[in-house]
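K.L.:
Letter 382 of the sequence shown, counting from 1, is numbered 407 in the working numbering, and no numbers are missing.
Backbone N, C-alpha and C define an ideal beta-carbon position, used for all residues, glycine too.
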Amino acid sequence: MTCSCYGGFSAPNINILENQDGMTMAYRWPAGTVFKRIDVDVEDRSCPVCERYMHVCDHRYHRLWTFEGATQVVNRLVHCPDASCKSRGHTFSPEAELSISMPRWCIGWDVLCWLGHRRLARHWSVPQLRVELKDTHQITLSDDAITHYVGLYQMMLAARQQDPERLAEAYRDSESLVLTIDGLQPEKGHETFYVVRELMSKRVWFAEPLLSSATQEVQRLIVLARQWAERLAKPVRGWMSDKQDAFVTAIAAEFPGIPHRYCQNHFLRDVAKPVLEMDSRARVKMRRKVRGLRAIERCVLEERRQAAAPESIPPHEPSKTDDAPLSELPAAAALVPCVSSDVGVVRTDSTLEATGVAAAGEAVGEDEAGEVVLGYCAAVRGILNDSQGGPLHPPGVRMSEALQDVRDSLDRNLQAQKGGV
Ligand SMILES: [Zn+2]
Numbered sequence: 026m027t028c029s030c031y032g033g034f035s036a037p038n039i040n041i042l043e044n045q046d047g048m049t050m051a052y053r054w055p056a057g058t059v060f061k062r063i064d065v066d067v068e069d070r071s072c073p074v075c076e077r078y079m080h081v082c083d084h085r086y087h088r089l090w091t092f093e094g095a096t097q098v099v100n101r102l103v104h105c106p107d108a109s110c111k112s113r114g115h116t117f118s119p120e121a122e123l124s125i126s127m128p129r130w131c132i133g134w135d136v137l138c139w140l141g142h143r144r145l146a147r148h149w150s151v152p153q154l155r156v157e158l159k160d161t162h163q164i165t166l167s168d169d170a171i172t173h174y175v176g177l178y179q180m181m182l183a184a185r186q187q188d189p190e191r192l193a194e195a196y197r198d199s200e201s202l203v204l205t206i207d208g209l210q211p212e213k214g215h216e217t218f219y220v221v222r223e224l225m226s227k228r229v230w231f232a233e234p235l236l237s238s239a240t241q242e243v244q245r246l247i248v249l250a251r252q253w254a255e256r257l258a259k260p261v262r263g264w265m266s267d268k269q270d271a272f273v274t275a276i277a278a279e280f281p282g283i284p285h286r287y288c289q290n291h292f293l294r295d296v297a298k299p300v301l302e303m304d305s306r307a308r309v310k311m312r313r314k315v316r317g318l319r320a321i322e323r324c325v326l327e328e329r330r331q332a333a334a335p336e337s338i339p340p341h342e343p344s345k346t347d348d349a350p351l352s353e354l355p356a357a358a359a360l361v362p363c364v365s366s367d368v369g370v371v372r373t374d375s376t377l378e379a380t381g382v383a384a385a386g387e388a389v390g391e392d393e394a395g396e397v398v399l400g401y402c403a404a405v406r407g408i409l410n411d412s413q414g415g416p417l418h419p420p421g422v423r424m425s426e427a428l429q430d431v432r433d434s435l436d437r438n439l440q441a442q443k444g445g446v
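(1) To the nearest angstrom, how far is the alpha carbon of Leu102 from that of Phe280?
(2) Going by alpha carbons, who is nearest to Val325 out of Ala394, Arg312, Thr217?
(3) By Cβ distance, which residues of its chain are closer than 6 Å to Thr116, with the 5 residues on each side in sequence left out?
(4) Let me know if Leu123 comes out buried or exposed under the rule of 16 or more other beta-carbons within 10 Å of its beta-carbon.
(5) With a threshold of 8 Å, establish whether the CB of Val103 neighbours any heavy atom of ligand 1.
(6) Would you tell me roughly how many angstroms separate the C-alpha atoms of Gln440 and Val397, rounded to the nearest one?
(7) With DSSP as the reference, please indicate the residues paired to Arg228 in a beta bridge.
(8) Say yes only if the C-beta of Asn70 is nearer than 8 Å to one or more non-hydrogen atoms of ligand 1, and no if none qualify.
(9) CA-CA distance, Val248 and Asp207?
(10) Give the straight-line distance between the Cα atoms of Ile283 and Gly421, rounded to the nearest whole angstrom.
(11) If you drop the 5 nearest sequence neighbours on each side, which residues of the same chain put their C-beta closer than 6 Å to that of Ser118?
(12) Please state the DSSP three-state secondary structure of Tyr86.
(13) Classify Asp169 as buried or exposed, calling it buried when 16 or more other Cβ atoms lie within 10 Å of its own Cβ.
(14) Should Glu76 be counted as a contact of ligand 1 given a C-beta to heavy atom distance under 8 Å?
(15) If we ignore side chains and look at the alpha-carbon of each, how far apart do Lys61 and Gly133 end up?
(16) Measuring alpha carbon to alpha carbon, tell me which of Gly400, Gly407, Asp411 ends up nearest Leu435.
(17) Count Cβ pairs between the region 151-168 and the region 87-98 that sit closer than 8 Å; are there 3 or more?
(18) Determine, using beta carbons only, whether Glu426 comes closer than 9 Å to chain C.
(19) Compute the beta-carbon to beta-carbon distance between Ser425 and Met265, rounded to the nearest angstrom, for a pair I have assumed lies under 8 Å.
(20) What residue does the alpha helix (DSSP H) around Leu249 start on, and which one ends it?
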């Protein structure tokens, strides 16, 4: 088991792409790239053989560009805990990964569709695509990589008439099929690119841009999927989609009695959308309310400069704790990563507490008081700039909790200082 990679980002800095000739090319991420992390889990955690709850046994990291920026998908792989189970040799990986990207790609479906659409429907040249990706979306791809992905897009379109024998060969050892359909829109108001994938073997079966999402059009794709499955003579265990009406109707008609589930990823995204919008408005409000940090900091630094000027002694003794560098402004940045993790919020509080206690305790120099003020400022700035947190713990809620922690901490220090300086 290699669960030690939890939380850390131990993935290599290189994505290997395979191009059509089976040759590989590597994508090198620029040093210092900050990745947005998405964790994905296997939907059904019961072992297909013995139905025991399967445990996470490994993580697979996948780095890619989406229109939301550099992204790291963390796949939590699971296996049966029972060493004697027939499924033990099998590791199961999250289905949702394929709705973001395919294995080894260094771009997501959104970027792929955009590329294919611009290249084939709008006839943009490859260099033009490269420049637009760079300028508008800050995505760096080489001409080679773009050509490679446009090629893949074309291959998917062409897969409509793919060789059935090759497919049968690929599915020889599969017992059943799980299918998904997804509609991706490269640009609002344009045709939608429908992709039908099979999850057990992680294959794109076929894809087609459709101008309308009418049930009739969608049904044609579902019929096609049924024909493919029949040709393979494998049972379809289920469908997964975002359950838009056209999918629900067409799948119910062509696959009667086959379970059709929400993709957890889609479900969460749909539910989260209004929540995250509200959350973002709340954050703007909070930021507007908590202002003037810079002025406070400037004030402290100015006082300190004046105090230090006559004597030439260093303005303060470095304290034994790690908090010492807080008195320097750049340390504000150092505090940010601390604040931006869940644990960090709590730690900030106790760090402040420690500083506060020092201030409230023994003889307090003005300088140390200033340090406390700067410490608070740095913490608050970190909180205001923190945009971490997904739909389950949105950034605004985190911000509000963290600001409340700061307020509590201030209150406690004021209480402790009663009768003091
Ligand atoms: Zn088992």
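P.N.:
Working from what's here:
(1) 29 Å
(2) Ranking Ala394, Arg312, Thr217 by Cα distance to Val325 puts Ala394 first.
(3) Leu102, His104
(4) buried
(5) no
(6) 16 Å
(7) Glu223
(8) According to the sequence as given, residue 70 is Arg; it is not Asn. Arg70 has its CB no nearer than 8 Å to any heavy atom of ligand 1.
(9) 15 Å
(10) 40 Å
(11) Asn100, Leu102
(12) strand
(13) exposed
(14) yes
(15) 13 Å
(16) Gly400
(17) yes
(18) Looking at the structure shown, chain C is missing, and only one protein chain is on hand.
(19) About 35 Å separates the two Cβ atoms, so there is no contact after all.
(20) 240-257
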